[in-house]
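Notes for the one structure printed next.
Protein chains: 2
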Amino acid sequence: MGMTNPPFPLASANGIATIAALIGDPARANILSALMGGQALTAGELSWHAGVGAATTSGHLAKMSEAGLLAMERQGRHRYYRLASPDIAQAMESLMAVAAAGPRRHRPPGPKDEALRTARTCYDHLAGRLGTKLADRLNERGFVILDDGGALVTDDGRDFLGSLGLAIPDTGGDRRPLCRVCLDWSERRHHLAGRLGATLLACSLERGWIARNPDSRAVTITEAGSKEFATIFGITLEHLAAK
Amino acid sequence: MGMTNPPFPLASANGIATIAALIGDPARANILSALMGGQALTAGELSWHAGVGAATTSGHLAKMSEAGLLAMERQGRHRYYRLASPDIAQAMESLMAVAAAGPRRHRPPGPKDEALRTARTCYDHLAGRLGTKLADRLNERGFVILDDGGALVTDDGRDFLGSLGLAIPDTGGDRRPLCRVCLDWSERRHHLAGRLGATLLACSLERGWIARNPDSRAVTITEAGSKEFATIFGITLEHLAAK
DNA sequence: CGAACGCTTCGGCCGCGGACGAAACGTCGG
DNA sequence: CCGACGTTTCGTCCGCGGCCGAAGCGTTCG
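Going down the list, the sequences are from chains R and V.
138 is the number that the numbering used here gives to position 138 of the first sequence; each next residue is one higher, with no gaps.
1115 is the number that the numbering used here gives to position 115 of the second sequence; each next residue is one higher, with no gaps.
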């Protein structure tokens, strides 16, 4: 017989299916999307985001935790859930890219979406027009090199960031990229991710340049931030207005 | 009431769920994995890979095509399916990374896996020990810069590739990265993807350095290839042996 | 031109898994 | 110590969707 061995559990394919099936449920996808904001959320909050009851949500959270997608931390009578690793966030990102590229789902961009398009978090870094502009500016000034999908921090870039008081954590043995690009689903262009992106977001939050929105991944640019982004990076609010 | 608007279809989250749900079925995941080999396959071949009947497979293929995951081309009485875009391949890659990182699924690496670990295709480029070694060598010689997740082709690199008779297609308006890294699920390190990776694979096939395996993504290194990889890149078969 | 082949469509079966309400568990506040 | 709250567990229901066999179309070959 010419037929070779059966195509049984094809090693890794099964693992993919398991993970994808978890992400593939609407309620769970909503939960994961909410956690893409980068903060840990309580089961109750996630239940709200998921759009299903607390009981159902609890089941979903248990499954995703067991599969290694989520990490849990108890704090008093709350349980905080967050994405277990940056890998999860990246997988979500690529799925977003595919979903966005797919058949044009007639999607009238509401005002809510508009806020997301202006500036939002993408797991642990900045996205939207602010995120992409930031990447552009750092590139123009030679602080990072964005060549067509690749990303590198230059020595000048390190100096510049150092002058801002930003040392990028070295996290020795960590396999986390220093600087990578991430496809922005709303702008369809790249913004900065990796440890550099994380540092920029953390800094912007700490110094009060931007503020998180409680119910969405959108962030609002404060007055202080508006000033600082202009002086440091040459990004004004007009640059970020919807075109 | 303090509750804001309902958490209804959270814009993009739903699209993610749709895509992920498609990938999340074992049969479909097998189909997509098979197509990660980079070649177009007939419905019949895919049915074999999927491990389900022809009728069922046909339904799966229709769904994935409609969702924009697959592209179809009829040729005689066959219908050839392939991944619709590199984005799809990248999404599969990130899911593999998550799946591989997950809870250590007791997985005794069979001899079949061993061939995959040595050299295989990853959509349109090379992976496995051959793929990662190739990336290492090009990096060591300064032809590409692999800095911690970022990837760039240097001018020296372009010259070197040119001297091999390899012009990397420019594909003007294309948004496809010239050179990106791709996490190798077996080696847990990076190999080269993007247009550069695609060019290297295409070249290796055309010149007969490697040959595809009909039933899997594994490729075998020919005698000619063994010689060329040694002289051009300094990669010998010993480098590629299981450790 | 009829038979074999490749693939898709149709109809029906069946099991998995998501949804909820009720109740149990654990924590914080008075 | 008791009641309110956040979360999980349990039991149940039910609908979606994968699977197959049979039949229908289009193509290729003898």
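In this text, a Cβ means the ideal position worked out from N, Cα and C, and glycines have one as well.
Since we're looking at a predicted model, the values are computed, not measured.
Item checked: Residues sharing a beta bridge with residue 1081/V, DSSP -> Reading the second sequence from its first residue, position 81 is the one you call residue 1081/V. DSSP lists 1041/V, 1072/V as partners of residue 1081/V.
Next item on the list: With residue 181/R as the anchor, note down where its alpha helix (DSSP H) starts and where it stops.
Entry: Counting from one through the first sequence, the residue named residue 181/R turns up at place 181. Counted as a single uninterrupted DSSP element, the stretch harbouring residue 181/R is not any alpha helix (DSSP H) but the beta strand (DSSP E) occupying residues 180 to 183.
Next item on the list: Using beta-carbon positions only, say whether residue 62/R and residue 45/R come within less than 9 Å of one another.
Entry: By 1-based counting over the first sequence, the position of residue 62/R is 62. By 1-based counting over the first sequence, the position of residue 45/R is 45. No, these two residues do not count as a Cβ contact at 9 Å.
Check: Could you give the distance in angstroms between the alpha-carbon of residue 1195/V and the alpha-carbon of residue 1038/V?
Finding: Position 195 of the second sequence, counted from the start, is the residue given in the question as residue 1195/V. Position 38 of the second sequence, counted from the start, is the residue given in the question as residue 1038/V. Spanning the two alpha carbons is a distance of roughly 14 Å.
Checklist line | Buried/exposed call for residue 955/V, threshold 16 Cβ in 10 Å | finding: A question about residue 955/V goes unanswered here, because the residues of chain V that appear run from 1001 up to 1243.
Notebook entry, point to check: Span of the beta strand (DSSP E) holding residue 221/R?
Noted result: Here the question's residue 221/R lines up with position 221 in the first sequence. If you look at residue 221/R, you'll find it in the beta strand (DSSP E) that goes 219 to 221.
Next item on the list: Compare the Cα-Cα distances from residue 1228/V to each of 1042/V, 1205/V, 1092/V and report the closest residue.
Entry: Here the question's residue 1228/V lines up with position 228 in the second sequence. Nearest option by C-alpha distance: 1205/V.
Notebook entry, point to check: Going by Cα to Cα distance, which pick from 127/R, 159/R, 130/R, 129/R is closest to residue 141/R?
Noted result: Residue mapping note: residue 141/R aligns to position 141 of the first sequence, counting from 1. Comparing Cα positions, the closest option is 159/R.
Notebook entry, point to check: In chain V, which residues lie less than 8 Å from residue 15/R when you measure between Cβ atoms?
Noted result: For this step, residue 15/R is matched to residue 15 along the first sequence. Close to residue 15/R, with beta-carbon spacing below 8 Å, are these residues of chain V in chain order: 1096, 1099, 1100, 1102, 1105.
Item checked: Spatial neighbours of residue 1232/V in its chain, beta-carbon cut-off 6 Å, leaving aside the 5 residues before and after -> Position 232 of the second sequence, counted from the start, is the residue given in the question as residue 1232/V. Excluding sequence neighbours, residue 1232/V sits near nothing in its chain.
Next item on the list: Check the Cβ of residue 1072/V against every Cβ in chain R and list those closer than 8 Å, keeping chain order.
Entry: Here residue 1072/V is taken as the residue at index 72 of the second sequence, counted from 1. Within chain R, not a single residue places a beta-carbon under 8 Å from that of residue 1072/V; the smallest gap is close to 15 Å.
Note to self: Residues of chain V with CB closer than 8 Å to the CB of residue 232/R, please, in chain order.
What the structure shows: Within the first sequence, residue 232/R is the residue found at index 232, counting from 1. Within 8 Å Cβ-Cβ: nothing; residue 232/R doesn't reach chain V, min ~23 Å.
Check: Going by other Cβ atoms of all chains shown within 10 Å of its Cβ, with 16 needed for buried, is residue 1066/V buried or exposed?
Finding: Residue 1066/V sits at position 66 when you count from the first residue of the second sequence. It counts as exposed.
Margin query: Counting only C-beta atoms, is residue 219/R closer than 9 Å to chain V at any point?
Written below: Residue numbering aside, residue 219/R sits at position 219 when the first sequence is read from its first letter. At a cut-off of 9 Å between beta-carbon atoms, residue 219/R makes no contact with chain V.
Next item on the list: Pull up the distance between the alpha-carbon of residue 199/R and that of residue 1042/V, whole angstroms please.
Entry: The residue you call residue 199/R lines up with position 199 of the first sequence. The residue you call residue 1042/V lines up with position 42 of the second sequence. Taking C-alpha positions only, residue 199/R is separated from residue 1042/V by approximately 47 Å.
Check: Hey, how far is the Cα of residue 1156/V from the Cα of residue 1223/V?
Finding: Counted from its first residue, the second sequence places residue 1156/V at position 156. Counted from its first residue, the second sequence places residue 1223/V at position 223. Each residue's Cα considered, the two are about 29 Å apart.
Notebook entry, point to check: Does DSSP put residue 1093/V in a helix, a strand or coil?
Noted result: Your numbering for residue 1093/V matches position 93 in the second sequence. Of the three classes helix, strand and coil, the one that applies to residue 1093/V here is helix, per DSSP.
Next item on the list: Just the chain V side, please: which residues come within less than 9 Å of residue 235/R by C-beta, in chain order?
Entry: What you label residue 235/R is simply residue 235 of the first sequence in a count that begins at 1. Against chain V, the beta carbon of residue 235/R has no neighbour under 9 Å; the closest one sits roughly 23 Å away.
Notebook entry, point to check: Using a Cβ-Cβ cut-off of 6 Å (strictly less than) and excluding sequence neighbours within five positions of residue 1068/V, which residues of its own chain qualify?
Noted result: In the second sequence, the residue the question calls residue 1068/V occupies position 68. Here the set comprises 1084.
Item checked: Distance CB(residue 20/R)-CB(residue 1015/V) smaller than 9 Å -> As a working mapping, residue 20/R is identified with position 20 in the first sequence. As a working mapping, residue 1015/V is identified with position 15 in the second sequence. No.
Notebook entry, point to check: With 16 other CB atoms within 10 Å as the buried threshold, where does residue 1237/V fall?
Noted result: Indexing the second sequence from 1 puts residue 1237/V at position 237. Residue 1237/V counts as exposed, since fewer than 16 other beta carbons sit within 10 angstroms of its beta carbon.
Margin query: Taking the alpha helix (DSSP H) that residue 155/R belongs to, which residues open and close that run?
Written below: Position 155 of the first sequence, counted from the first residue, corresponds to residue 155/R. Its alpha helix (DSSP H) spans residues 155 to 163.
Check: Where residue 25/R and residue 1165/V are concerned, what is the direct C-alpha to C-alpha distance, given to the nearest angstrom?
Finding: For the purposes of this step, residue 25/R is taken as residue 25 along the first sequence, with counting starting at 1. For the purposes of this step, residue 1165/V is taken as residue 165 along the second sequence, with counting starting at 1. Looking at the backbone, the Cα of residue 25/R and that of residue 1165/V are separated by about 48 Å.
Next item on the list: With DSSP as the reference, label residue 3/R as helix, strand or coil.
Entry: Residue numbering aside, residue 3/R sits at position 3 when the first sequence is read from its first letter. Annotation note: pLDDT 48 at residue 3/R (below 50); position unreliable, coordinate value reported separately. Residue 3/R carries a coil assignment under DSSP once its states are collapsed to helix, strand and coil.
Notebook entry, point to check: Whose Cβ in chain V lies nearer than 8 Å to the Cβ of residue 92/R?
Noted result: Working through the first sequence from its first residue, we reach residue 92/R at position 92. Under the 8 Å cutoff, chain V gives 1016.
Check: Where residue 1169/V and residue 1178/V are concerned, what is the direct C-alpha to C-alpha distance, given to the nearest angstrom?
Finding: The sequence position of residue 1169/V within the second sequence is 169, counting from 1. The sequence position of residue 1178/V within the second sequence is 178, counting from 1. Distance between the alpha carbons of residue 1169/V and residue 1178/V: 9 Å.
Next item on the list: Compare the Cα-Cα distances from residue 1049/V to each of 1217/V, 1241/V, 1128/V and report the closest residue.
Entry: Your numbering for residue 1049/V matches position 49 in the second sequence. Nearest in C-alpha terms to residue 1049/V, of all of 1217/V, 1241/V, 1128/V, is 1217/V.
Next item on the list: Measure from the C-beta of residue 115/R to each C-beta in chain V and report whether the shortest distance is under 9 Å.
Entry: The residue you call residue 115/R lines up with position 115 of the first sequence. Interface annotation, residue 115/R: not in contact with chain V, CB-CB separation never under 9 Å.
Notebook entry, point to check: What is the rounded straight-line gap between the Cα of residue 79/R and the Cα of residue 58/R?
Noted result: Counting from one through the first sequence, the residue named residue 79/R turns up at place 79. Counting from one through the first sequence, the residue named residue 58/R turns up at place 58. Distance from the CA atom of residue 79/R to the CA atom of residue 58/R, rounded to whole angstroms, is 10 Å.
Checklist line | Test: residue 1024/V CB closer than 9 Å to a CB of chain R | finding: Counted from its first residue, the second sequence places residue 1024/V at position 24. So, interface residue.
Next item on the list: Please classify residue 1061/V: does DSSP put it in a helix, a strand, or coil?
Entry: On the second sequence, residue 1061/V is found 61 positions in, with the first residue counted as 1. Shown here, residue 1061/V sits in a helix according to DSSP, grouped into three states.
Next item on the list: Evaluate residue 1073/V with the Cβ neighbour count: other Cβ atoms within 10 Å of its Cβ, from every protein chain shown; 16 or more gives buried, anything less gives exposed.
Entry: Here residue 1073/V refers to the residue found at position 73 when the second sequence is read from its first residue. The residue in question, residue 1073/V, is exposed, as its Cβ has fewer than 16 Cβ neighbours within 10 Å.
Notebook entry, point to check: Is it the case that the Cβ atoms of residue 1023/V and residue 1091/V are separated by a distance below 9 Å?
Noted result: In the second sequence, residue 1023/V corresponds to position 23, counting from 1. In the second sequence, residue 1091/V corresponds to position 91, counting from 1. Contact flag set, yes.
Check: When the distance is taken between beta carbons, is residue 1128/V closer than 9 Å to residue 1186/V?
Finding: On the second sequence, residue 1186/V is found 186 positions in, with the first residue counted as 1. On the second sequence, residue 1128/V is found 128 positions in, with the first residue counted as 1. Inclusion of residue 1186/V and residue 1128/V in the CB contact set at 9 Å is warranted, their separation being smaller than that value.
Check: Under the rule that 16 or more other beta-carbon atoms within 10 Å means buried, what is residue 55/R, buried or exposed?
Finding: In the first sequence, the residue the question calls residue 55/R occupies position 55. By the 10 Å Cβ count, residue 55/R comes out exposed.
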